[in-house]
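Counting in UniProt numbering, the sequence shown runs from 1 upward without gaps. Report on one structure; see the data block that follows.
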Amino acid sequence: AGGAAGANGVATTQNVASAINDAITKSKTDTAQAIADAEHKFDGDTGTTSVRKHGEVLSVKGGVTATTDLTTGNIGVVSDGAGTLNIRLAKTLTGLTSAAFTDGTHTVTIAGSGIDAGNTEIKHVGKATTDDAAVNKKQMDDAVKAATDSVTTLGDNKVSLGSDSG
């Protein structure tokens, strides 16, 4: 490239221009190749680091493929400014249609149809104060004892129900 030197070994304008063009072309080609070969590394809390070259796809998946089964506003992404994006779950979840919690033996499910406690006790239930609230065992035991005490006291007295005629 560049051709032969001019008379007395002095470069001609054409030689200089050709050499400059060749250098620029090579620089562009080298830069483009370096960009194409550049690797981007991605990792998570666990697993193997994923390596992708510039232009290659990195897939991020959550497991649910039906968009009608998804909600919005429950997950946030917070940058730490040092190269890490932290995915965070909201403290208050909204738009859910059900949730299931399993401890290995029992599954507790909360859904539109109600709460299924998975054959486990529901503990730390406060005293019911309205007609539509659930009572706890102590409230029920107290009510049964009060009814039993009333019947025992009543047993000493004669009570007539309905007509005395026979």
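Quick reminder that beta carbons are idealized off the backbone N, C-alpha and C, glycines included.
Is the CB-CB distance between residue i and residue j below 9 Å?
| i | j | result |
| --- | --- | --- |
| K125 | N136 | The sequence shown places Val at residue 125, rather than the Lys named in the question. Contact flag set, yes. |
| K61 | V51 | no |
| A111 | T94 | no |
| K26 | D37 | no |
To the nearest angstrom, how far is it from the Cα of residue i to the Cα of residue j?
| i | j | result |
| --- | --- | --- |
| D103 | N119 | 13 Å |
| G55 | T31 | 15 Å |
| V57 | T92 | 33 Å |
| A11 | I35 | 34 Å |
| G76 | A66 | 20 Å |
| T13 | T29 | 24 Å |
| T105 | S79 | 38 Å |
| A99 | D149 | 44 Å |
| A82 | T49 | 18 Å |
| T129 | Q139 | 11 Å |
| V64 | T71 | 11 Å |
| N15 | Q33 | 27 Å |
| N74 | L89 | 6 Å |
| T46 | D69 | 26 Å |
| L85 | E39 | 19 Å |
DSSP has residue i in a bridge; who is on the other side?
| i | result |
| --- | --- |
| L85 | S79 |
| G114 | A111 |
| A99 | I110 |
Compute the minimum distance between the beta carbon of residue i and the heavy atoms of the ligand SAH, and state whether it is under 8 Å.
| i | result |
| --- | --- |
| H54 | With respect to small molecules bound, the structure shown includes none, and the ligand SAH cannot be examined in it. |
### Task
Could I get the ranges of all uninterrupted beta strand (DSSP E) runs contained in the segment 12-61, with 3 residues as the minimum, in chain order?
39-42 and 50-53
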